[in-house]
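A.B. asks: Below are the structure tokens for one structure; questions will follow.
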Amino acid sequence: MDSTWAVGRPHPALRGMVQPYIGYVTSTKAPEFHLGLPSPYVTFVLTLDTPLTLLGNEDVRDVRAGVGGLQLEPVVIDQRVLQRGVHVCVDPLAVHSLFGLPAAELFGTTVDLDLLPPAWTGELVERAACATTWSEVFGLLDRALLAEATLCPPVPEVGRAWQLLRATAGRITVQELAHRVGWSRRHLGERFRSAFGLTTKQAARLVRFDRSVTALRHGARDLASTAAFCGYADQPHLTREWQALAGSTPVEWIHDELPFLQSFEDTPWKTPRHEQRR
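Per my numbering, the sequence shown starts with residue 1151, numbered consecutively.
See the structure below:
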């Protein structure tokens, strides 16, 4: 693999279920520790050689391939050893279809891929480790995920509630959300948490926070304006949410993490021509 970064387009049958495949090779210029920020997506990571080292409060875990559920705190990743792998954002509405269990069962944790129901999990890890091009790795992902990609959505009202939270950037009230799906607040809360592992208010927090992360990554620096754009009452509210969900302030994250992420985004976001997928 002669490129440091590559992006693969999932098979058309997977679009809407997963975001583009991001192939990565960490750099010696990267920070020693990276914060995997909370987001409204479930994270699927497949390493190609060195396992991913996750640092918890009391333990250290090495993960060759795993699925990280929705969460309300950052995952700390040790980057002191060079690593290659693929990062995939999965729509929570598609988790059951692709991985054989509801998103709620993954909430707040990272599960080793080989502990999940699909039969292809162990085989994928071994085959990907032998791949020599990003295109080959992305093709393996397509075939594995397509093997399980049968439509298995959550209860329609629950899926509608999640889509409304995203469509309104997390600004819709719980009362309005319940009204729009035709349920009581209590019933919606129970069914939503059963499906995703978190409450509707927590999901709205993730959507707003993710919007602020995207804004900062794309150059927003006026934090007061960013707060308003993302649905926060004011800049202090934005900062408090960052401290709660990211373990750092926006200013600290911009200083410590963003230069590395920008160097990633400044590289060509295409697979080399001879590896492009049709």
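Using N, Cα and C, we set each Cβ at its ideal position, and we do this for glycine too.
Drop a sphere of 10 angstroms on the beta-carbon of ARG1371, count the other beta-carbons inside from all chains shown, and report buried for 16 or more, exposed for fewer.
C.D. replies: Answer is exposed; the Cβ neighbour count stays below 16.
A.B. asks: Residues in its own chain within less than 8 Å of ASP1416 by CB, not counting five upstream and five downstream?
C.D. replies: Note that ASP1416 has pLDDT 41, beneath the 50 cutoff, so the model's placement of it is unreliable and no number is given.
A.B. asks: Rounding to the nearest angstrom, what Cα-Cα distance links ARG1321 and LEU1291 in this structure?
C.D. replies: 35 Å
A.B. asks: Looking only at its own chain, which residues have a Cβ that is under 8 Å from the Cβ of GLY1164, when we skip the five neighbours before and after it?
C.D. replies: Going by the sequence as given, residue 1164 is Leu instead of Gly. For LEU1164, where only same-chain residues beyond five positions count, the Cβ hits under 8 Å are ASP1292, LEU1295, LEU1296, ALA1299.
A.B. asks: Whose C-alpha, out of ASP1264, GLY1186, PRO1252, ARG1211, is nearest the C-alpha of HIS1237?
C.D. replies: GLY1186
A.B. asks: Could you tell me the distance, in whole angstroms, from the CA atom of ALA1394 to the CA atom of PHE1379?
C.D. replies: 19 Å
A.B. asks: Buried or exposed for VAL1168, please, with buried defined as at least 16 other CB atoms from any protein chain shown within 10 angstroms of its CB.
C.D. replies: Using a 10 angstroms sphere on the CB of VAL1168, the tally of other CB atoms reaches 16 or more, which defines it as buried.
A.B. asks: How is LEU1327 classed by DSSP in three states: helix, strand or coil?
C.D. replies: Helix at LEU1327.
A.B. asks: For the beta strand (DSSP E) that contains ALA1317, what are its first and last residues?
C.D. replies: Run containing ALA1317: none in the beta strand (DSSP E); it sits in the alpha helix (DSSP H), 1306-1317.
A.B. asks: Across which residues does DSSP place ARG1165 in a beta bridge pair?
C.D. replies: VAL1168
A.B. asks: Who does ILE1227 pair with in a DSSP beta bridge?
C.D. replies: In DSSP, ILE1227 forms a bridge with HIS1184, LEU1204.
A.B. asks: In whole angstroms, what separates the C-alpha of THR1350 from that of GLY1339?
C.D. replies: 7 Å
A.B. asks: Buried or exposed for GLN1233, please, with buried defined as at least 16 other CB atoms from any protein chain shown within 10 angstroms of its CB.
C.D. replies: buried
A.B. asks: Along the beta strand (DSSP E) that carries ALA1374, what are the first and last residues, could you check?
C.D. replies: No beta strand (DSSP E) contains ALA1374, which is instead part of the alpha helix (DSSP H) from 1373-1379.
A.B. asks: Count the other CB atoms, across all protein chains shown, that sit within 10 Å of the CB of HIS1405; report buried if there are 16 or more and exposed otherwise.
C.D. replies: exposed
A.B. asks: Measuring alpha carbon to alpha carbon, tell me which residue in GLU1307, ASP1360, SER1344, LEU1348 is nearest SER1334.
C.D. replies: Ranking the options by Cα distance to SER1334, first place goes to GLU1307.
A.B. asks: Can you give me the C-alpha to C-alpha distance between THR1323 and ARG1355, rounded to a whole angstrom?
C.D. replies: 12 Å
A.B. asks: Since I believe PRO1242 is in contact with ALA1253 (beta carbons under 8 Å), could you give me their beta-carbon distance rounded to a whole number of angstroms?
C.D. replies: 4 Å
A.B. asks: Taking the C-alpha atoms as reference points, what is the distance between SER1398 and GLU1223?
C.D. replies: 11 Å
A.B. asks: Among VAL1363, HIS1337, LEU1263, which has the Cα closest to the Cα of THR1271?
C.D. replies: Minimum Cα distance to THR1271 is reached at LEU1263.
A.B. asks: Just to confirm before moving on: does the CB-CB distance between PHE1359 and GLU1326 stay below 8 Å?
C.D. replies: no
A.B. asks: DSSP on PHE1257, reduced to helix/strand/coil?
C.D. replies: coil
A.B. asks: Within the same chain, show all residues whose beta-carbon is closer than 8 Å to that of LEU1388, passing over the 5 residues directly before and after it, in chain order.
C.D. replies: SER1362, LEU1373, THR1376, ALA1377, CYS1380, TYR1382, PRO1400
A.B. asks: Could you tell me whether the Cβ atoms of LEU1315 and ARG1330 are closer together than 8 Å?
C.D. replies: No, the pair does not count as a contact, with Cβ atoms beyond the cut-off.
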